[in-house]
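A quick write-up on the structure given underneath.
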Amino acid sequence: GAGVSQTPSNKVTEKGKYVELRCDPISGHTALYWYRQSLGQGPEFLIYFQGTGAADDSGLPNDRFFAVRPEGSVSTLKIQRTERGDSAVYLCASSPTGTSGAYEQYFGPGTRLTVT
Amino acid sequence: AQTVTQSQPEMSVQEAETVTLSCTYDTSESDYYLFWYKQPPSRQMILVIRQEAYKQQNATENRFSVNFQKAAKSFSLKISDSQLGDAAMYFCAYRSSNTGANSKLTFGKGITLSVRP
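Protein chains in written order, with the numbering used here: chain E, 1 to 116; chain X, 1001 to 1117.
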């Protein structure tokens, strides 16, 4: 079956602009995670959805970042007033459920965001 | 909060030889999961191997095995018979096993493994 997909693969935007990054999880997976990976670093947690609701958004760095998952499937990460420090690879992962650590998280290929 | 430390930024291994990648972690929990992920230049995170903390036996997956030392909070990855395709970044990661808790992954900084032909 299809894996996790993310679009666009690469996004270049100017400082101050608004961007949306999309994640299509594996069909039937109720848990969805967003991570941010800065150059030379490991991924850092941003937000976790269980179904349609954000169960934990403690990793979002500030109020310029927001994510939605209105129908419990596709998720969109939204960044307002982008800054150069937002440049990173944004990874999405899905899992059959997030309420148990036993399940594997399946990652998408990420979106590389570059803010000029 | 849990932390994962990978102190070696880079390692190199000769093709067909064995290499060990180190990882330490800190947690106050008694039950959890540990993972090694591989990230090639394509950016796709691929699960290499996982270990449940309650299991004393070290996990193995073909050429990949771990040395899990729970008391020392150490979790190293051994790659045997290294192949050119093993060249990638490798990340050690931790996840709580508490049901109902956020099952997010906490990653180390990663290590870049190169394989010499």
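C-beta atoms are modelled at their ideal positions from N, C-alpha and C, and glycine is treated no differently.
On a predicted model such as this, the values are computed, not experimentally measured, just so you know.
Identification of chain E residues near residue 1107 of chain X by a Cβ-Cβ cut-off of 7 Å yields 42, 43, ordered along the chain. Look at the region 101-115 of chain E: the residues with a C-beta under 8 Å from a C-beta of chain X are 101, 102, 103, 104, 105, 107, 108, 109, 110, 112. Linking residue 16 of chain E to residue 1080 of chain X through their CA atoms gives a straight-line distance of about 48 Å. If you look at residue 31 of chain E, you'll find it in the beta strand (DSSP E) that goes 31-37.
DSSP, reduced to helix, strand and coil, places residue 84 of chain E within a helical segment of the structure shown. With a cutoff of 7 Å on beta-carbon distance, residue 1106 of chain X and residue 1002 of chain X are scored as near each other.
Residue contact check for residue 1070 of chain X against chain E: no CB pair falls below 7 Å. Its chain contains 1088 as the residues whose beta carbon lies nearer than 8 Å to that of residue 1041 of chain X, once the 5 sequence neighbours on both sides are disregarded; these appear in chain order.
Taking the C-beta atoms as reference points, residue 14 of chain E is found no nearer than 7 Å to residue 76 of chain E. In this structure, the CA atom of residue 22 of chain E is about 6 Å from the CA atom of residue 6 of chain E. Spatial neighbours of residue 1045 of chain X in its own chain (CB-CB distance under 6 Å, excluding positions within 5 residues in sequence) are listed in chain order as 1037, 1039.
Contact between residue 91 of chain E and residue 43 of chain E holds: their C-beta atoms lie close to 5 Å from each other, under 8 Å.
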